[in-house]
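For reference, the structure is listed below as structure tokens.
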Amino acid sequence: MSAPPAPALLVPEAPQKAESIFHRNLATFAANRLAMASAVVVVLFVLMAVLAPFVAPHDPNETDLFRRMQPPAWLPGGEWSYALGCDALGRDILSRIIYGARISIFIGTAVILVATSIGILAGLASGYLRGWVDVVISRIVDILLGFPYLIFAIGLMAMMGPGLWNIILALAYKEWVIPCRVVRGETLVTRELEYVEAARALGASRWHIMLREILPNILSPVIVVSTIRMAHVIILEASLSFLGLGVQPPTASWGSMVADGRAFILEAWWVSTFPGLAILLLVLAINVASQGLRDAFDPRFQE
Amino acid sequence: MKTLLKVESLSKHYEGRRGLVGRLTGAPHTVVRAVNDVSFSVERGEILGLIGESGCGKSTLGRAILRLHEPTAGRVMFDSKEVTALDAPALKALRRRMQIIFQDPYASLNPRRTVAQIVGLPLRLHGLASSEAEARAITARICERVGLKANQLDRYPHQFSGGQRQRIGIARALVSNPEFIVCDEPVSALDVSIQAQIIALLLELKREMGLTYLFISHDISVIGYLADRVAVMYLGEIVEMGPVEAILARPRHPYTQSLMSAVPKVEASGRRARIRLTGDLPSPLHPPAGCKFHTRCPLALDICRSTAPLRETVGEGHIAACHRLGEDISLLEDGAA
Amino acid sequence: MSAPLLDVRGLRTVFETRAGTVCAVDGVDVSVHRGECLGIVGESGSGKSVTFASVMGLVKSPGRIEAGTILLDGCDLRGLTPKQMRAVRGKDIAMTMQDALTALNPALTVGEQIAEVFDAHDYTLPRRGSARARAIRDKSAEMLGLVGIPSAESRLRQYPHEFSGGMRQRIMIAIALACRPKLLIADEPTTALDVTIQAQVLELITEIRARLGMSVVLITHDLGVVAEHCDRVMVMYAGQVIEEGPTAEVIAQPQHPYTRGLLASIPRPALRGQPIRPIEGQVPDLIGLPPQCRFYSRCPLHRDACLAPVAMRSAGPNRRVRCILSGEPVE
């Protein structure tokens, strides 16, 4: 009994540092090399979009009929100051791709932000309050899900007319349904957990429970779904632009660039191909990065 | 002693969902009578042990008393206030005084909040601290009292073991200085040595803070050790209730007797003859008619299959509900636990 | 005594985690004799389940068996190929899991799940065709009858969710016993069950053991279960065996302070009014354990000599203990 405690030899305790689940998940994500590389690609695209005026070698709308369908630099007739060649109006394709990234990323981000905010509120209300709120919201969701997305957006665009904000509106109109369903499902599970019951037993209000107890715990799957959907929205925006319902010319957008070039795809393949590759690369990078996010953040994919 | 909590004919029924066909044909709802016409009272400063097997409705009863699940019928009186009639603000005010400790130390703590946030929540909800610093001080004090260290306050629940998490849950329940605690199987998920630590802690806290417990458990050894009175539940009803000494010495209901006989005991090494209950707990969706225990009861008679027995007083504060109480049969061969 | 049925020597199983190497089982010796029931008692993290998962060859990555021999009937299980091991599992050793609901496949009927075992291991059956199917069905029904499930024929066609918890545990036992294994490892068979059902299942195991003459290892955290059903008991703590011996002796005269603390921790009506004396502190983190006695930090009797590694010591016939305060060192 006289033995003095030997602190150095005592069994080590759990790490002293407060380690939140978020930080732990972030570390898991960072360890996934492919996902990290994709995230870097996405960040590069975002930087490119933000810094477009400084990065682009030319004015994207400057036409030069002498350079009509000038091939990329490495083909005969190409020159390095117009690295990816020029389109039918002699505009520099690289510069237009760089400016087009602004449209794609801005619309993608804006639509997802609007849709996710609406979806979270609607899903929380639907899943936690239940009752008639749930019935009404769930029916609206069912009805919206019944429409084919693109046709729905085309119809809205035709009604409202083109324009940046109308595109965002037309896409967000239906996009919120996706996060709403995720949030509702997660809320239905989480509301039954004992810590939610504990908060009720302590006298917490509905708002407190929905926003402080439930929301932080279901945010991970929502973020994951939102990033996956972001890629989808970018494709939809490109599709609308391709159909001429998107951003109006001369503003550069990847979808309309692909559409512009399709008439001379045989003589000047680069006009359509490079913006198409840009869409492919960005969407692929977002998808791979969001897979990594899902693996790291969604508890169902963890041990 | 003064009565702190009085439960009168409390029932909690769940309506099952009807399918589309059922709804169209107007078929009746299937009803689960999780808690059926339960009455008892708890004196200030005592521990009432509530014992029963899974699905007997003991947890639902605990939650219905706190109105975490709205009771279907009956009244709950707490310190002469009718809990079941309170509006939302009055109920919120009362929540400070009646609290609950949960079974699962993993599910009952929000994984995204630190210990200080979890334990300090009642202080903020009820405005019990004038400043953040004061809230922090109160939180630190109660955490230290339940055996957590001050440097652990800013950690997250997943950094703790099951026993420590249960201490966090206890601190959360006690920080608002309540009078009555529903302990819903607080030690069932814990290892034996940790279980003993938590039981010892709960008993110390009860003495220091003058608490009253409704202690729910499936473990008759735990209840026998710490409760003053025991209520035995079977399929939503209390079949026997009385002082713990009386029930341990001479259980009257055949269900209580078989429950006690079934518990493996360390002292009685080697095989013992025990009362064999055949079959499983009947589905609460289709409870048997008459006495609900008759499907498994070794003593069942014809009357048990048709008529539900009434509660009878069989001793000082000791009641039981069985048709054959008068015959005074003991299934336990040695009569004592 | 004849050679034990199962003889494990110096078993060491480790798990690689991000935080470091967890040594879940560290130098465990187990022997199970023919026809006996051995109880393994320990709290979570004691290594009791991992020990027998190692015996069954069921340790999954990131875990691996680092050292030790596992002899079943003289055959070294660690030297077997995965295919040979599959032939042993189910036929010579079988294991039941704690949670019968997740251990049974919800998409297959109970009959199909029992039939799988016969299909894989029983060479006495007709080769193919309806005769084989009928033979398997009869044997499956016989197994359900053995574990006390009435109207077995019709219940073979039901799915696990149509049975209650106790019935599912019986079905798992039926599957485990299908090929009459020599050794049944029951991992917490009753933890998820109510006491009245628990008593039924334990009695069933004891009864079948006597009838089939097999050996049973009962892994549990409940000393009461061990006291009533096991001939011998092994107490594990933090990956090591700390005490073993005949059940009655260990419970009547525990030698290790941990066993004593564990027994004192069990609340019971006889102790009413007396303060309970729990073991303070908690199980040590199994990462980077110092070589000292594992119970050092929680032991009321610890002294400087405990800081050296402690070996198993002999404490009377058939009794061993890992504490320097009792027993004699073995050579």
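Protein chains in written order, with my numbering: chain A, 1110 to 1412; chain B, 519 to 855; chain C, 73 to 403. Glycine included, each C-beta is placed from N, C-alpha and C at the ideal position.
Residue environment analysis places B:D709 among the buried positions, since at least 16 neighbouring C-beta atoms fall within 10 angstroms of its C-beta.
If you compare the alpha carbons of C:D171, C:K211, C:T174, C:G201 with that of C:F190, the shortest gap goes to C:K211. Rounded to the nearest angstrom, the gap between the Cα atoms of C:T263 and C:M244 is 14 Å. Residue nearest to B:V762 within the set B:V750, B:P772, B:D622 is B:V750 (criterion: CA-CA distance).
Inclusion of A:P1288 and A:G1217 in the CB contact set at 9 Å is not warranted, their separation being larger than that value. Where A:V1397 is concerned, the enclosing alpha helix (DSSP H) starts and stops at 1379-1406. Chain C places a beta carbon closer than 9 Å to that of B:K783, counting this residue as a contact. Distance from the CA of B:I636 to the CA of C:F367, rounded to the nearest whole angstrom, comes to 32 Å. By DSSP's assignment, C:F87 forms a beta bridge with C:V94, C:G135. The C-beta of B:H736 comes no closer than 9 Å to any C-beta of chain A.
Looking at B:E830, B:S779, B:P805, the one whose alpha-carbon comes closest to that of B:L849 is B:S779. Taking CB atoms only, C:E300 has a neighbour in chain B less than 9 Å away. Ranked by Cα distance from C:P350, the first of C:R209, C:P178, C:R370 is C:R370. At a Cβ-Cβ threshold of 9 Å, C:S386 and C:V104 do not count as neighbours.
For B:G575 against B:F733, the beta-carbon gap comes to about 16 Å, at or over 8 Å, which does not count as contact. Under the three-state reduction of DSSP, C:D101 is assigned to strand. With contact defined as three or more Cβ pairs closer than 8 Å, the segment 678-698 of chain B and the segment 641-658 of chain B are in contact. Residue environment analysis places C:V382 among the buried positions, since at least 16 neighbouring C-beta atoms fall within 10 angstroms of its C-beta. Taking a cut-off of 8 Å on C-beta distances, the segment 716-735 of chain B touches the segment 336-348 of chain C, as three or more cross pairs fall below it.
Chain B places no beta carbon closer than 9 Å to that of C:G285, leaving this residue out of the contacts. For A:S1129, the neighbours in chain B by C-beta distance under 7 Å run, in chain order, Y674. Taken in chain order, the complete alpha helix (DSSP H) segments of 4 or more residues contained in the segment 1266-1304 of chain A are 1273-1284, 1286-1299. Rounded to whole angstroms, the separation of the alpha carbons of C:P401 and C:C395 is 10 Å.
The DSSP-derived three-state label of A:A1140 is helix. At least one CB atom of chain B sits nearer than 9 Å to the CB of C:V267.
Taken atom to atom, the span from the alpha-carbon of A:R1211 to that of A:S1329 is near 27 Å. Collapsing the DSSP output to three states places B:H676 in a helix. With a contact defined as Cβ atoms closer than 8 Å, C:L143 and C:D79 qualify at about 4 Å. Boundaries of the beta strand (DSSP E) harbouring C:P318: 312-318, taken from the DSSP string. At a cut-off of 9 Å between beta-carbon atoms, A:P1330 makes no contact with chain B. Residue A:V1392 holds the alpha-carbon nearest to the alpha-carbon of A:V1155 among A:D1404, A:L1349, A:Y1258, A:V1392. DSSP places B:A591 within a strand segment (E or B) once states are collapsed to three. For C:A125, the uninterrupted alpha helix (DSSP H) segment begins and ends at 120-127. Within the segment 596-608 of chain B, no residue has a Cβ lying closer than 9 Å to any Cβ of chain C. Annotated three-state conformation of C:D294 is coil, per DSSP. With respect to the C-alpha of B:Y674, the residue from B:E722, B:A647, B:P629 having the closest C-alpha is B:P629.
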